[in-house]
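Following our numbering, the numbering of the sequence shown begins with 2 at its first residue and continues without gaps.
For glycine and all other residues, C-beta sits at the position ideal for the given N, C-alpha and C.
Model, not experiment: these values are computed from the prediction.
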Amino acid sequence: AHSLGREAAERALLLDPTLPEPYAALGSIEKYQHHQQTAVALLERAIELRPSFVTAHQWLGTALVPMGEIEKGLGHLRRANELDPRSVIVASNYASMLLVAGRNAEAIAACKAALEYAPNSFLCTSVAGLGHLVDGDLASARIYYDLLAASWSPGSGTQVKTLFDALAGR
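Shown next as structure tokens:
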């Protein structure tokens, strides 16, 4: 998929080097091939060409945070969230990177906002549950894991019960 994606993006750039989408696509490919600096440069170019490019901000944020550029990365994710406030994947990525940064309360809040308009989103349900779990709030975490089990696989409720019994020392 990466080689086909790269070929298509490079062909698009030959036709029109002012398109931001090929730069973002190449940035995503480079990110997954662990060429972080190249990915960042390509994603930044996509944003230069279209400052309102939500996906480029999202992908750039998720590239920068693991590289240790936490505030810059969160800034891009925050911008993506502002540009598309009803995108569950953006909210989930933003919340996940907030968890990475140790900002659990903010991560949970970001997911709660998304769950108001997408209550069955396993993405934000799992991140909010993990945030509460990391905080040691088993009761709140259990609510999200029960929701996750119900939406993911109704038969997995027993696994959630077993997990939380173990965490509670039972």
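Which first and last residues belong to the alpha helix (DSSP H) in which residue i is found?
i, result
"Thr163", "158 to 168"
"Ala2", "No alpha helix (DSSP H) holds Ala2; DSSP gives it neither H nor E."
"Ser100", "According to the sequence as given, residue 100 is Leu; it is not Ser. Leu100 -> alpha helix (DSSP H) spans 89 to 101."
If the criterion is Cβ atoms closer than 8 Å, does the pair residue i and residue j meet it?
i, j, result
"Val91", "Asn82", "yes"
"Leu139", "Phe165", "yes"
"Leu134", "Thr126", "no"
"Ala9", "Leu20", "no"
"Ala40", "Ala2", "no"
"Ser97", "Asn121", "no"
"Val128", "Ser93", "yes"
Find the nearest neighbour of residue i within the set the options, judged by alpha-carbon distance.
i, options, result
"Ile48", "Leu65, His77, Gln38", "His77"
"Gly28", "Tyr118, Asn94, Ala57", "Ala57"
"Ser141", "Pro21, Gly130, Lys73, Ala150", "Gly130"
"Ile30", "Arg7, Glu45, Arg171, Pro21", "Arg7"
"Asp85", "Ala102, Leu65, Tyr118, Ser97", "Tyr118"
"Val89", "Lys73, Leu15, Lys113, Ser152", "Lys113"
"Phe54", "Glu22, Lys73, Leu16, Ser4", "Glu22"
"Gly103", "Glu72, Arg87, Arg80", "Glu72"
"Val101", "Thr163, Leu75, Glu11", "Leu75"
Using a Cβ-Cβ cutoff of less than 6 Å, which residues in the same chain neighbour residue i once the five nearest sequence positions on both sides are dropped?
i, result
"Met68", "Gln37"
"Leu99", "Glu107, Ala108"
"Arg46", "Tyr24"
"Gln59", "Ala81, Val91, Asn94"
Tell me whether residue i sits in a helix, a strand or coil according to DSSP, three-state version.
i, result
"Ser127", "helix"
"Asp136", "helix"
"Gln59", "helix"
"Asp147", "helix"
"Asn121", "coil"
"Gln1", "Since the first residue shown for the chain is 2 and the last is 171, residue 1 is missing from the structure and cannot be characterised."
"Glu70", "coil"
"Tyr20", "Note on residue identity: the sequence assigns Leu, not Tyr, to residue 20. Leu20: coil per DSSP, three-state reduction."
"Ser29", "helix"
"Ser53", "coil"
"Ser154", "coil"
Keeping to the same chain, check which residues put their C-beta closer than 7 Å to that of residue i; ignore five residues upstream and five downstream.
i, result
"Val161", "Tyr146, Asp147, Ala150"
Take residue i and list the residues in its own chain whose beta-carbon comes closer than 8 Å to its own, dropping the five residues that flank it on each side.
i, result
"Leu43", "Tyr24, Ala25, Leu27, Gly28, Glu31"
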